[in-house]
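**Student:** For what it's worth, the working numbering labels the leading residue of the sequence shown as 142, then goes sequentially.
Think of the CB as a built atom: it goes at the ideal place given N, C-alpha and C, for glycine as much as any other residue.
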Amino acid sequence: MRRHLALVLALALAAALPAAGQKTAVKDLAPRFQQWLDLVAYHIQPVEKDVFLKLTNDRDRDIFVETFWKQRDPTPGTPENEYKDEIEKRFKYCNEFYGRGTTREGWKTDMGRIHMVLGPPASVEHFEASIGLVPCYSWSYYGDARRDLPPQFYLLFYQRGGVGEFKLYDPVTDGPTRLILDQKKVEDPFDYSALYEIIRDLAPTLAEIAITRIPGEYNYDLSPSPRNAMLLADILESPKKDVNPSYATHFLNYKGLVSTEYLTNYVESYTTTALVDDPATGQRFLHFSMVPVDVNVDLYEPKSQFYCNFQVNVSLRKGADIVFQYNREFPLYFPEDAWDRVKASGLAVEESFPVAEGRYDLNILLTNTVGKQFSLLEQVLEVPPAKTGPALEGPFVGYKFETYPRDVHIPFKVLDKKLVVDPKKTFASGDAIAVLFNVLNPTPELARDGEARVVVKGLRQAAPVRKTYTIKLDAPAAGRVLSIPYTIPAGELEPDYYEVSVVLAGPGGLVLDQKTDQITVSPAATVGHPIANAKGIPLANQFLFRYMVAEQLEKTGRPEAAAGLYEEGYRLRPDYADGVVRYANFLLGTGAYARALEIAESLRKDEKRQFVLRTVRGRALLGLERYEEALAELLQANKLYNSETVVLNAMGRCYLKLGRKAEALDAFSASLRLNPEQPDIVKAVEDLKR
142 MRRHLALVLA LALAAALPAA GQKTAVKDLA PRFQQWLDLV AYHIQPVEKD VFLKLTNDRD
202 RDIFVETFWK QRDPTPGTPE NEYKDEIEKR FKYCNEFYGR GTTREGWKTD MGRIHMVLGP
262 PASVEHFEAS IGLVPCYSWS YYGDARRDLP PQFYLLFYQR GGVGEFKLYD PVTDGPTRLI
322 LDQKKVEDPF DYSALYEIIR DLAPTLAEIA ITRIPGEYNY DLSPSPRNAM LLADILESPK
382 KDVNPSYATH FLNYKGLVST EYLTNYVESY TTTALVDDPA TGQRFLHFSM VPVDVNVDLY
442 EPKSQFYCNF QVNVSLRKGA DIVFQYNREF PLYFPEDAWD RVKASGLAVE ESFPVAEGRY
502 DLNILLTNTV GKQFSLLEQV LEVPPAKTGP ALEGPFVGYK FETYPRDVHI PFKVLDKKLV
562 VDPKKTFASG DAIAVLFNVL NPTPELARDG EARVVVKGLR QAAPVRKTYT IKLDAPAAGR
622 VLSIPYTIPA GELEPDYYEV SVVLAGPGGL VLDQKTDQIT VSPAATVGHP IANAKGIPLA
682 NQFLFRYMVA EQLEKTGRPE AAAGLYEEGY RLRPDYADGV VRYANFLLGT GAYARALEIA
742 ESLRKDEKRQ FVLRTVRGRA LLGLERYEEA LAELLQANKL YNSETVVLNA MGRCYLKLGR
802 KAEALDAFSA SLRLNPEQPD IVKAVEDLKR
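#1: Please state whether DSSP places ALA604 in a helix, a strand or coil.
#2: Check each candidate in ASN369, SER642, ILE376 and ILE321 and name the one with the smallest Cα separation from LEU600.
#3: Measure the alpha-carbon distance for ARG241 versus ASP383 and round it to whole angstroms.
#4: What do you get for PRO380, buried or exposed, if any count of 16 or more other CB atoms within 10 angstroms of its CB means buried?
#5: Name, in chain order, the residues that DSSP records as bridge partners for VAL327.
#6: Please work out which residues of its chain come closer than 6 Å, Cβ to Cβ, to TYR467, disregarding the five sequence neighbours upstream and downstream, and give them in chain order.
#7: Which one or two residues does DSSP pair with LYS554 in a beta bridge?
#8: Label PRO433 either buried or exposed according to how many other C-beta atoms from any shown protein chain fall within 10 Å of its C-beta, with 16 as the threshold for buried.
#9: Restricting to runs no shorter than 4 residues, where is the alpha helix (DSSP H) found entirely within the region 669-741?
#10: Beta-carbon within less than 7 Å of LYS554's beta-carbon, same chain only, minus the 5 sequence neighbours each way: which residues are those?
#11: From MET431 to VAL265, what does the alpha carbon distance come to, in whole angstroms?
#12: Between the Cα of GLU635 and the Cα atoms of LEU645, GLY620, VAL644 and ILE660, which residue gives the shortest distance?
#13: Taking DSSP as the reference, what is the three-state secondary structure of ALA415?
#14: Kindly indicate which residue of THR165, GLU229 and ASP214 has the alpha-carbon position closest to the one of ASN222.
#15: ILE321 by DSSP, collapsed to three states: which one?
#16: Going residue by residue through the region 253-305, where are the continuous beta strand (DSSP E) segments of at least 3 residues, counting only ones entirely within it?
#17: Between the alpha carbons of PHE331 and TYR283, how many angstroms are there, rounded?
#18: Taking the C-alpha atoms as reference points, what is the distance between ASP856 and THR414?
#19: Whose C-beta lies closer than 8 Å to the C-beta of GLN186 among residues of the same chain, with five residues either side of it excluded?
#20: So, TYR724 versus TYR734, is the Cβ gap smaller than 7 Å?
#21: Can you tell me where the beta strand (DSSP E) holding LYS308 begins and where it ends?
#22: Would DSSP call ASN790 helix, strand or coil?
#23: With DSSP as the reference, label VAL89 as helix, strand or coil.
#24: Between the Cα of ARG714 and those of THR731, GLU695, ASN779 and ASN682, spot the shortest distance and give me the residue it belongs to.
#25: Taking 8 Å as the threshold, find out whether the region 605-621 comes into contact with the region 669-678 through three or more Cβ pairs.
#26: Would you list the residues sitting across from GLY539 in a DSSP beta bridge?
#27: Cα-Cα, which of LYS308, ALA171 and ALA421 is closest to PHE686?
#28: Counting C-beta neighbours from all protein chains within 10 Å, is the total for ASP572 16 or more, i.e. buried, or is it exposed?
#29: Going by C-alpha to C-alpha distance, which of ASP289, THR314, ALA619 and LEU533 sits closest to ASP375?
#30: Let me check understanding here. Comparing Cα to Cα, which of SER516, ASP478, ILE463 and PRO476 lies closest to ALA489?
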């Protein structure tokens, strides 16, 4: 028996930018979508509306509408969506009661707009014209500080001149004069004290409301304070603070990459990344941690275990081209008694991969197959050229260190110390602040006599805390990377926002480099940290890292550098078949035909890769102008699989070189039937037919 549960964690993520594209005019939408835009007119954010109008079909629009409501559901995982029900209830009420006596629909009136935004007032007071005032309604509300609203405020609606639709009254632009029927009583429309007295005589409870929306907030002469105008802006913006609009831009950008059942379940996440030189492999790795704010899990009751299944898809792009991509799966299980901690702190997925120098667009898609949810990490990744002189890397901040064997690569681990990170970087007084940094390229003098100073500086205005911790390097045998873990008790710091800086100083105190990160020390007694989940790779398999970086270098137009790493990867594990295939194809592309022939022999006894072996050998022999031998290999490959254009095209070229034009035409024609979009082959066929 399985029970489906939803885990909701209160976290946040910065919004993304809207994607470009043509927008559909509202009038051209199906009636149901026009009606939906009316329903959410005061709640939809500009980014959301922009994305909605860029969608090109009704199926995507239906999915977007569903996603819009899901993002605002206060009780996800339950059949009801109280937010949606409330907005529909308000809309119906507005059209039924506020459209009377006007040509406009009720939701479009001033009263309708406020009712849609704030809901029904806490109390209503009606002022009749018979008492010497224009007809008025005063609505009182209790505000929400989280939405920048005061504890209590009043909104007044009045009939201008005593007739027509009730309009929202503005103490500044309308002024108390507009509320008085007998204008002869008004000697000076800007004498707020006199106007206050006139209205107080007619309706005591209306007098203050006439000069301010916020009780007690007015100037010494009883004129309205500027905050009255700002309050209305805050009111109209308040429902748009219910949700981060990043889901909308992700919907537009990823609807072709994420299956439909996931699209309605975009989940924000806390994320952190770190670019770290790894002394064990000599390569730079990008480490990342993602903590989704909403994790669906299942409970397998016979074993009292919860589980979810994360899948990570990583890609590096240069413009529209993907230069590197890989996937990894993280099935997670935890005991039922760990539920409270997971519920409070969340689950973190950690991963790392090697990166080549360059500037990339990093895209990390994290999906949870339980509940069909997805989260995203998107950023520009700058991998600078390797430093040649002494420099700092970091600081990287976590809440503890763990010790692991040196012969395994784990995210956020350098040598034997793994930094356990929390992307929020928030600490309670009982926490440790774990600081990890690397000293790159230390000279013998620096490694022996230099020092690093960890400077923790509070950011508050009044008497900020400042502490300095000095670390003597004292590592005469240091290599190219000297990694230093250091721990600071958070209890030594007062609650505040802090900058954590590491200063590298050489002998004599000369500052060589400085790097900074930021943290928060909370006044809370305890702060929950997510349960970290990562996978290790034995360093015996570091040939994989060479192939990864080689692929990046190859696809960014750096064949010489790629060749060196492909060769290193091959020498570290000559029997790694996937690597042999990748390297062989690279060699063919760079014209290194003889070397391609050599390494292809590694596949000779691999029954599953005979097609690849024959193809590589055939293309290499073709490049070496050994056409008869090449054709024999290619014919063998074509017998194994006769629908590969690369093989057919190579066969055609061999036939041409051997003067067998009819057979060349047959091979090229067969290739074009598989893929007509081959201009060079089209031209070859045309030439042969002449």
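**Tutor:** On the basis of the coordinates in this document:
#1: ALA604 falls in the coil class under three-state DSSP.
#2: Comparing Cα-Cα distances from LEU600 to each of ASN369, SER642, ILE376 and ILE321, the minimum goes to SER642.
#3: Their Cα atoms are separated by approximately 31 Å.
#4: Classification for PRO380: buried.
#5: According to DSSP, which records beta bridges pairwise, VAL327 is partnered with nothing at all.
#6: Excluding positions up to five away in sequence, the list reads VAL455.
#7: According to DSSP, which records beta bridges pairwise, LYS554 is partnered with LYS559.
#8: Taking every protein chain shown into account, the CB of PRO433 has 16 or more other CB atoms within 10 angstroms, so this residue is buried.
#9: Those alpha helix (DSSP H) runs which fall completely within the region 669-741 and span 4+ residues are 684-696, 700-713, 718-731 and 734-741.
#10: Leaving aside the five residues that flank LYS554 on each side, the residues in its chain whose CB is nearer than 7 Å to its CB run, in chain order, TYR545.
#11: Cα-Cα distance, rounded: 48 Å.
#12: When LEU645, GLY620, VAL644 and ILE660 are compared, the shortest CA-CA separation from GLU635 is found for ILE660.
#13: If DSSP states are grouped into helix, strand and coil, ALA415 belongs with the strands.
#14: Of the candidates THR165, GLU229 and ASP214, the one whose C-alpha sits nearest the C-alpha of ASN222 is ASP214.
#15: In the displayed model, ILE321 falls within a strand according to three-state DSSP.
#16: Within the region 253-305, the runs of beta strand (DSSP E) at least 3 residues long that lie entirely inside it are, in chain order, 264-268, 277-283 and 293-300.
#17: PHE331 and TYR283 have their C-alpha atoms spaced approximately 30 Å apart.
#18: With the chain running from 142 to 831 in the structure shown, residue 856 is simply not present.
#19: LYS381, VAL384, PRO386 and ALA389, listed in sequence order.
#20: No, the pair does not count as a contact, with Cβ atoms beyond the cut-off.
#21: LYS308 -> beta strand (DSSP E) spans 307-309.
#22: Secondary structure of ASN790 (DSSP, three-state): helix.
#23: Residue 89 is absent from the model: the chain starts at 142 and stops at 831.
#24: Measuring C-alpha to C-alpha distances from ARG714 to each of THR731, GLU695, ASN779 and ASN682 identifies ASN682 as the nearest.
#25: The region 605-621 is not in contact with the region 669-678.
#26: Answer is ALA575, bridged to GLY539.
#27: That would be ALA421, whose Cα lies nearest to the Cα of PHE686.
#28: Within 10 angstroms of the beta-carbon of ASP572 lie 16 or more other beta-carbons, which makes it buried.
#29: ASP375 has its Cα closest to that of ASP289, out of ASP289, THR314, ALA619 and LEU533.
#30: Taking only the C-alpha atoms, the option nearest ALA489 is SER516.
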